[in-house]
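Read the structure below first, then the notes.
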Amino acid sequence: MRIHAPEITRTNGNVRVSARIETEARLPHLPETLWYKFPEEFEGMIFHGLEPFLIPLVPCAMNIVEAIDVPGDISPRLLFHLERYQQMYHYWEPRSFAPIPIRHAGSRGSDPLVNPARAKPVGMMFSGGVDSFHTLHRNLPGNQPVPEYQITHGIYLFGFDLQEHERASYAKSLARYQRLFADLHLTLIPLEFNARQFWRGGTQLENRHWQAKTFGAGLAGAGHVLGGGLGKLYMASSQLFNHGEFMGSEMRLDQSLSTEWLEIIHDGLVEDRTRKTVALADWPATYDALRVCWWNPDGVQNCGQCPKCVRTMTTLEALGKLGHYSVFPKPYRPRLILQRLATIAGSAYLRDMRAIARKNGRWDLVIPLWIAGWIANIRAALKRFARVFNPAFEGW
Amino acid sequence: MNIHAPEITTANGITRLAARVETQTQINGLPGELWYEFPEAFGGMAAVDMEAFVVPLVPFAMRLGEDIHVAGEFSPQLFYHLVRYQQIYSFYEPRTFRPVQIIPSGLRATPLERAPGVGVMFSGGVDSFYTLYRHLPERQPIPEFRLTHGIFLFHFDLQGYERASYRKASQLYQQLFREHGLTLIPANFNSREFQPGGSYSQRRRWANKAIGAVLAGAGLAFGRGLGRLLLASPHTLEFVGFTGSSMPLDQSLSTEWLEVVHDSLVEDRADKTIALADWPATHDTLRVCWWDPDGVQNCGRCAKCIRTMTTLEAAGKLDAYTVFPKPLRRGRILPRLSAHSGGYYLPGMIRLALRNRRWDLFILLWIARLIGRLRGALKRFVRVFAPGFEGW
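For the record, the sequence lines run as chains V and D.
As numbered in my numbering, residues 391 to 786 make up the first sequence, in order.
As numbered in my numbering, residues 3 to 394 make up the second sequence, in order.
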């Protein structure tokens, strides 16, 4: 895999930073360029280096087993940690990810950006979901006591969870979030990219798995493209730090993607999704802005049917706070718990939700949550059993 | 807890970096100051800064539930990450470790400059030898991560009465480092004396829980000479239990001028031992013993010795080592390696014995694992009725 020198072009008030990518493997669906696009007013924040292109492509190159050729200098810190990054991927999934060499012209020891004395803005990857809202809240200038770690900028991605056919929805939510950030005296940067299209290809299910395993690299790459103007970048954790399963964004992986000039912080190590939701329920700014839906969001309006919606709504309902939220359809129906949360993936959240419901005397929720937990456990046991005979089994 | 401003003094060729420490809780035998001592030749690397004194005391202050008042400026990066560091401790053992406030006189407006040196905390054991081996100048392709220094600590695993043993080992290791163009700093410190006391096994467990903090603290004491510090990982990624040195913990102890790197995440102890067996420098220097080492000579009887010897024997490499008494007595494998706590290391050894068709070792190791599991199950069962039970 060869990454060519990046180019910058300007059209219609937007700036596009792109690099041509060549692979030896013939993968017809693979894009020819990796690009990032954002409004021209943020051009001063562009990092003129190869790191934003190298990072998101590492999992893809490991998957197709091609060395990466980079026509320039790379951060020594990043180079060192990318070896460990690859080791972790390979350790967890040796068949899908093979360690590959990264061939580069040199390391940028004397880069002027390597100046720790220069206080620089602090960014965060913002999606409007529970995790990123929680990270935003904790690190607002009023809540984060260390000035060097107070958030100044958010980056809101198109091409991450929302795809081309959802552009109208993205535009609506962007307008809402830009207002929110302005009210908080922060800046939200809309950024489009195509990093997630770099994968071998396959079924929709395989794509979903691939994205779950690699999304940290995509997010970090998007942060690095603005690394000329950022000193730190928060990435909200989506699981506890000691979560046993392999996911593309976790502390050990994300923090390996830091350079000498941009520190990546995997935030929210010890709070699970339910606790984060509880913390957010006291922040009125989320009442008309929380966007958790992955099925069919309309701007910041959630569908109220998908597992993520049902999970969040159930937690808020157990707290007696759902009534405050205008972004969820009402009334809330407890039978959705059995329909949507009795899955293996959802089971991790059920215990905490049940504890909250019990604490608040919501027995109408405790019982379906308890039954959903049992169904999920039985499914998990059956899946383990089925995998003895068919290791590739993915059903239920 | 109050940590006063550190002072540096030099006498008889030894530089001493010390800060007075006061606690509100009265504990018998607690030192009045935390100190580091090292040869005067390395005085230029000494950092007379608060960070080297705060870091090793954080787990202890959490245990006491005392806020830390720091009489000096502090790194913003470390200040921020110590909140996360404490969250992890408290997440695992909420009753033992309560989050405390760290209250410095201010945060540094301008961080110190990063020094070019790269250090490793070196004990002569498998983990630290492996980290040394991987990052020797001739093996590490990235110049900024090539080792320049090692730090060999007295009062880390070796106690006051083992001074002669430390001296012997230190001389040998200094020579080894010189041969590779590196410098080994023999240093003495008392961080490990800051502990809540209790029985021998409680103190040993405490030492494991605070291990990363005391090592990183000692590295930070050389912050004018080191820009990176490698701490050898004792576990692989799979280990989800609580130990005082892990990647999330150790890396939280970095400052703007010293990056703490938790090294080698995916290699288990057996992998590392086998890799080292091909490095002749380890054949007469590997020191794994925690019972009764004599310089670099290992006792050959304790669990760590037996584990390493069995691994080397399974790989057919034990004969190359002069630091272990021979032959390996099979009769010691079951008594030493069937402890529940040692079970973590056995799968790698079993795989190795299987690969090399050492059926004699394979069977013994497999039985040891089985016994260890049974002990673990019994322990869990007994704990239901006697929560403080620590036996087996």
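Yeah, the Cβ is synthetic: ideal placement off N, Cα and C, and Gly gets one too.
#### Entry: Interface residues of chain D facing V/Phe588 [CB-CB closer than 8 angstroms]
Mapped onto the first sequence, residue 588 of chain V falls at position 198. Result: empty, since nearest Cβ-Cβ is about 25 angstroms, beyond 8 angstroms.
### Residue nearest to V/Pro484 in terms of C-alpha spacing, selected from V/Ile492, V/Pro449, V/His471, V/Val460
The residue given as residue 484 of chain V occupies position 94 in the first sequence. With distances taken between Cα atoms, V/Pro484 lies closest to V/Pro449.
### Query
Would V/Arg730 pass as a contact of V/Val756 if the rule is Cβ separation under 8 angstroms?
Here the question's residue 730 of chain V lines up with position 340 in the first sequence. Here the question's residue 756 of chain V lines up with position 366 in the first sequence. No, Cβ-Cβ distance for V/Arg730 and V/Val756 is not below 8 angstroms.
### Query
When DSSP labels each residue in this structure, what does D/Glu39 get in the three-state scheme?
Along the second sequence, one-based indexing puts residue 39 of chain D at 37. In the structure shown, D/Glu39 sits in a strand (DSSP, three-state: E or B).
### contact_flag[the stretch 42 to 51 of chain D, the stretch 223 to 233 of chain D] where n(CB pairs < 8 angstroms) is 3 or more
yes
### Message
What does the alpha-carbon distance come out to for the pair V/Gln629 and D/Leu232?
### Response
Translated into the one-based positions of the first sequence, residue 629 of chain V becomes position 239. Translated into the one-based positions of the second sequence, residue 232 of chain D becomes position 230. Rounded to the nearest angstrom, the two C-alpha atoms are 27 angstroms apart.
### Task
Could you tell me whether the stretch 166 to 173 of chain D touches the stretch 127 to 142 of chain D, where touching means 3 or more Cβ pairs closer than 8 angstroms?
no
### Task
Quick one: list the residues of chain V neighbouring D/Leu1, beta-carbon separation under 9 angstroms, in chain order.
Since the first and last residues shown for chain D are 3 and 394, residue 1 of chain D lies out of range.
### Query
Mind listing which residues of the stretch 83 to 98 of chain D have their C-beta closer than 7 angstroms to chain V's C-betas, in chain order?
Arg86, Gln89, Ile90, Phe93
#### Entry: Which listed residue (D/Ile10, D/Leu267, D/Glu35) has its alpha carbon closest to that of D/Met3
Within the second sequence, the letter at position 1 stands for residue 3 of chain D. Minimum Cα distance to D/Met3 is reached at D/Glu35.
### Query
Alpha carbon to alpha carbon, how far is D/Leu186 from D/Leu160?
Residue mapping note: residue 186 of chain D aligns to position 184 of the second sequence, counting from 1. Residue mapping note: residue 160 of chain D aligns to position 158 of the second sequence, counting from 1. Taking the straight line joining both Cα atoms gives about 17 angstroms.
### Message
Against chain D, does V/Asn632 count as a neighbour if the rule is that its beta carbon must be under 8 angstroms from one of theirs?
### Response
Taking the first sequence and counting its residues from 1, the one referred to as residue 632 of chain V is at position 242. Closer than 8 angstroms: yes.
### Query
Among residues of its own chain, excluding the 5 on either side of V/Arg410, which ones have a beta-carbon nearer than 7 angstroms to its beta-carbon?
If you number the first sequence from 1, residue 410 of chain V lands on position 20. Here the set comprises His394, Glu422, Thr423.
### Query
When you compare each of D/Thr27, D/Cys301, D/Glu115 to V/Glu650 by their alpha carbons, which one comes out closest?
Counted from its first residue, the first sequence places residue 650 of chain V at position 260. Closest by alpha carbon: D/Glu115.
### Message
Within 8 angstroms of any Cβ in chain D, is that where the Cβ of V/Pro484 sits?
### Response
Walking along the first sequence from the start, residue 484 of chain V turns up at place 94. False, the Cβ-Cβ gap to chain D never drops below 8 angstroms.
### Query
Is the shortest distance between the beta-carbon of V/Val407 and the beta-carbons of chain D less than 8 angstroms?
Sequence index remark: in the first sequence, residue 407 of chain V carries index 17 (1-based). Closer than 8 angstroms: no.
### Task
Since I believe V/Val717 is in contact with V/Asp678 (beta carbons under 8 angstroms), could you give me their beta-carbon distance rounded to a whole number of angstroms?
Start at 1 with the first residue of the first sequence, and residue 678 of chain V comes out as number 288. Start at 1 with the first residue of the first sequence, and residue 717 of chain V comes out as number 327. The Cβ separation is near 6 angstroms, so the contact holds.
### chain V contacts from the stretch 136 to 147 of chain D (Cβ-Cβ distance under 9 angstroms)
Gln142, Pro143, Ile144, Pro145, Glu146, Phe147
#### Entry: Contacts that D/Leu231 makes with chain V (C-beta to C-beta distance below 9 angstroms)
Locating residue 231 of chain D in the second sequence gives position 229, counting from the first residue. None at all; the shortest Cβ gap to chain V is about 13 angstroms.
### Query
At a cut of 8 angstroms, does the stretch 74 to 82 of chain D reach the stretch 101 to 117 of chain D through at least three beta carbon pairs?
yes
### Message
Check whether chain V comes within 8 angstroms of D/Leu80, counting only Cβ atoms and requiring the distance to be less than that.
### Response
For the purposes of this step, residue 80 of chain D is identified with residue 78 of the second sequence, where counting begins at 1. Chain V, which has no Cβ nearer than 8 angstroms to the Cβ of D/Leu80, makes this no.
### Task
Answer yes or no: does any C-beta atom of chain D fall closer than 8 angstroms to that of V/Tyr539?
Within the first sequence, residue 539 of chain V is the residue found at index 149, counting from 1. Cβ-Cβ to chain D under 8 angstroms: yes for V/Tyr539.
### Query
Taking all protein chains shown into account, do 16 or more other C-beta atoms lie within 10 angstroms of the C-beta of D/Asn419, making it buried, or fewer, making it exposed?
Any answer about residue 419 of chain D is impossible in this case: the structure gives chain D only from 3 up to 394.
### Query
Under a three-way DSSP split, which group does D/Tyr397 fall into?
Since the first residue of chain D shown is 3 and the last is 394, residue 397 of chain D is not available in this structure.
### Task
Buried or exposed for V/Pro535, please, with buried defined as at least 16 other CB atoms from any protein chain shown within 10 angstroms of its CB.
Looking up residue 535 of chain V in the first sequence gives position 145. The residue is exposed, with fewer than 16 neighbouring Cβ atoms inside 10 Å.
#### Entry: Option in D/Arg65, D/Ser193, D/Ala379, D/Arg385 with minimal Cα separation from D/Pro58
Counting from one through the second sequence, the residue named residue 58 of chain D turns up at place 56. Residue D/Ser193 is the option with its Cα nearest to D/Pro58.
### Query
Helix, strand or coil for V/Gly613 per DSSP?
Along the first sequence, read from residue 1 onward, the residue named residue 613 of chain V stands at position 223. Residue state, collapsed to three classes: helix.
### Task
Measure the beta-carbon distance from V/Gly513 to V/His543 and round it to whole angstroms, keeping in mind my assumption that it falls under 8 angstroms.
On the first sequence, residue 513 of chain V is found 123 positions in, with the first residue counted as 1. On the first sequence, residue 543 of chain V is found 153 positions in, with the first residue counted as 1. Rounded, the Cβ-Cβ distance is 4 angstroms, consistent with contact.
### Message
Which same chain residues end up closer than 7 angstroms to D/Arg65 when comparing Cβ atoms and leaving out the 5 residues on each side of it in sequence?
### Response
As a working mapping, residue 65 of chain D is identified with position 63 in the second sequence. Counting only Cβ-Cβ distances below 7 angstroms, and skipping sequence neighbours, we find Thr98, Phe99, Pro198.
### Neighbour flag for V/Gln629 against chain D, beta carbons, 8 angstroms
As a working mapping, residue 629 of chain V is identified with position 239 in the first sequence. Closer than 8 angstroms: no.
### Query
Is it true that the stretch 598 to 617 of chain V meets the stretch 642 to 657 of chain V, where meeting means three or more beta-carbon pairs spaced less than 8 angstroms apart?
yes
### Message
Using beta carbons (cut-off 8 angstroms, strictly below), is V/Phe487 in contact with chain D?
### Response
The residue labelled residue 487 of chain V in the question sits at position 97 within the first sequence. Closer than 8 angstroms: no.
#### Entry: CB of D/Val120 within 8 angstroms of CB of D/Leu84, strictly
By 1-based counting over the second sequence, the position of residue 120 of chain D is 118. By 1-based counting over the second sequence, the position of residue 84 of chain D is 82. Cβ atoms of D/Val120 and D/Leu84: not closer than 8 angstroms.
### Message
Once DSSP output is grouped into helix, strand and coil, what is the label at D/Ala117?
### Response
In the second sequence, residue 117 of chain D corresponds to position 115, counting from 1. Here D/Ala117 sits in coil by DSSP.
### Helix, strand or coil at D/Tyr323 [DSSP, three-state]
As a working mapping, residue 323 of chain D is identified with position 321 in the second sequence. Reduced to three states, the DSSP call for D/Tyr323 is coil.
### Task
Measure from the C-beta of D/Val102 to each C-beta in chain V and report whether the shortest distance is under 8 angstroms.
Position 100 of the second sequence holds residue 102 of chain D. Answer no: the Cβ-Cβ gap between D/Val102 and chain V never drops below 8 angstroms.
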